[in-house]
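In what follows, a structure is listed as structure tokens, so that the remarks can point back to it.
In the numbering used here, the protein residues as written are 439 to 714.
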């Protein structure tokens with residue numbers, strides 16, 4: 439995952455500058471408030487209008503999986519961090535190692551439907567196949583408020599890249615191409631573990647993409663081309679979080695990094711054979 443470094447007020451200012459947004463959002467927010475639910479009949483125009491703002495502040499990457507799904511945003515969607523229409527119950531895998539109750543609710547967070555700080559630009563796979571309308575929380579849901587302090591009290595399990603108080607990279611680490619919690623117990627562990635599972639961050643296509651990058655990173659590192667390693671670790675690069683974790687391993691334990699390189703070669707070679 440990536441951290442969005444633009445401040446909340448900065449995001450509001452950029453979105454407010456879009457006339458198609460500014461001319462419609464107040465009326466639609468009032469409609470939702472009066473109806474007590476998300477009542478917007480056709481919102482595609484609103485979401486497409488703000489999509490370029492989030493593509494830019496996310497440096498063209500899906501905020502969840504760090505892929506670049508297409509420079510023109512065709513494979514992108516404006517995702518609601520807290521679902522606007524309804525919330526489905528997420529059934530965690532048995533491997534999650536902690537239990538919680540996550541009931542489905544017919545309504546959504548309708549007062550956040552037009553809040554830019556509830557938006558993220560995500561790829562089609564993360565949005566439609568994995569995140570969908572899930573939003574598991576540890577405490578009671580606060581569906582009828584837009585007060586951030588009250589919303590924080592829900593203790594959401596999904597990490598929020600647009601939250602000033604947390605950096606996803608401080609919660610999710612990588613061992614080679616595999617995402618894992620950086621902290622091994624407590625609330626931070628639960629959030630990292632649930633986020634990895636819910637978003638499918640260890641799915642096969644991402645593991646393969648990361649493995650290809652790790653192969654290049656080790657070859658750059660072994661040949662002393664540290665400037666190229668640093669280039670791949672920049673925030674705007676695909677899978678930068680994984681790359682930075684591997685760079686740290688190269689610095690602290692080169693033998694372990696070489697072992698990961700060897701495994702990555704096997705994975706990529708097998709993929710090539712399977713597709714031939």
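A virtual CB, placed ideally from N, CA and C, is assigned to each residue, including glycine.
Assign residue i to one of three DSSP states: helix, strand, or coil.
{"i": "residue 707", "result": "helix"}
{"i": "residue 608", "result": "helix"}
{"i": "residue 514", "result": "strand"}
{"i": "residue 575", "result": "strand"}
{"i": "residue 529", "result": "coil"}
{"i": "residue 694", "result": "helix"}
{"i": "residue 559", "result": "strand"}
{"i": "residue 580", "result": "coil"}
{"i": "residue 616", "result": "strand"}
{"i": "residue 594", "result": "strand"}
{"i": "residue 444", "result": "coil"}
{"i": "residue 699", "result": "helix"}
{"i": "residue 553", "result": "coil"}
{"i": "residue 502", "result": "coil"}
{"i": "residue 671", "result": "coil"}
{"i": "residue 689", "result": "helix"}
{"i": "residue 468", "result": "helix"}
What's the call for residue i, buried or exposed, on a 16-neighbour Cβ count within 10 Å?
{"i": "residue 468", "result": "exposed"}
{"i": "residue 648", "result": "buried"}
{"i": "residue 563", "result": "buried"}
{"i": "residue 636", "result": "buried"}
{"i": "residue 460", "result": "exposed"}
{"i": "residue 633", "result": "buried"}
{"i": "residue 622", "result": "exposed"}
{"i": "residue 474", "result": "exposed"}
{"i": "residue 596", "result": "buried"}
{"i": "residue 531", "result": "exposed"}
{"i": "residue 586", "result": "exposed"}
{"i": "residue 458", "result": "exposed"}
{"i": "residue 699", "result": "buried"}
{"i": "residue 582", "result": "exposed"}
{"i": "residue 484", "result": "buried"}
When you compare only the Cα positions, how much space is there between residue i and residue j?
{"i": "residue 511", "j": "residue 455", "result": "Because the pLDDT of residue 511 is 49, which lies under 50, any placement of that residue in the model is unreliable, and the question is left without a value."}
{"i": "residue 688", "j": "residue 470", "result": "52 Å"}
{"i": "residue 624", "j": "residue 650", "result": "33 Å"}
{"i": "residue 598", "j": "residue 556", "result": "9 Å"}
{"i": "residue 580", "j": "residue 554", "result": "18 Å"}
{"i": "residue 451", "j": "residue 444", "result": "11 Å"}
{"i": "residue 446", "j": "residue 537", "result": "33 Å"}
{"i": "residue 683", "j": "residue 525", "result": "34 Å"}
{"i": "residue 494", "j": "residue 549", "result": "25 Å"}
{"i": "residue 476", "j": "residue 574", "result": "20 Å"}
{"i": "residue 533", "j": "residue 464", "result": "44 Å"}
{"i": "residue 628", "j": "residue 619", "result": "8 Å"}
{"i": "residue 641", "j": "residue 664", "result": "29 Å"}
{"i": "residue 590", "j": "residue 576", "result": "11 Å"}
{"i": "residue 685", "j": "residue 655", "result": "8 Å"}
For residue i versus residue j, is the C-beta spacing smaller than 8 Å?
{"i": "residue 630", "j": "residue 609", "result": "yes"}
{"i": "residue 715", "j": "residue 565", "result": "Residue 715 lies beyond the stretch modelled for the chain, which goes from 439 to 714, so this question has no answer here."}
{"i": "residue 707", "j": "residue 441", "result": "no"}
{"i": "residue 522", "j": "residue 551", "result": "yes"}
{"i": "residue 547", "j": "residue 520", "result": "yes"}
{"i": "residue 646", "j": "residue 614", "result": "no"}
{"i": "residue 513", "j": "residue 677", "result": "no"}
Quick one: is the Cβ of residue i within less than 7 Å of any heavy atom of the ligand ATP?
{"i": "residue 652", "result": "Looking for the ligand ATP in the displayed structure turns up nothing, as the structure carries no ligands at all."}
Who pairs with residue i in a beta bridge, going by DSSP?
{"i": "residue 521", "result": "DSSP, once it has assigned bridges, lists no residue as partnering residue 521."}
{"i": "residue 543", "result": "525"}
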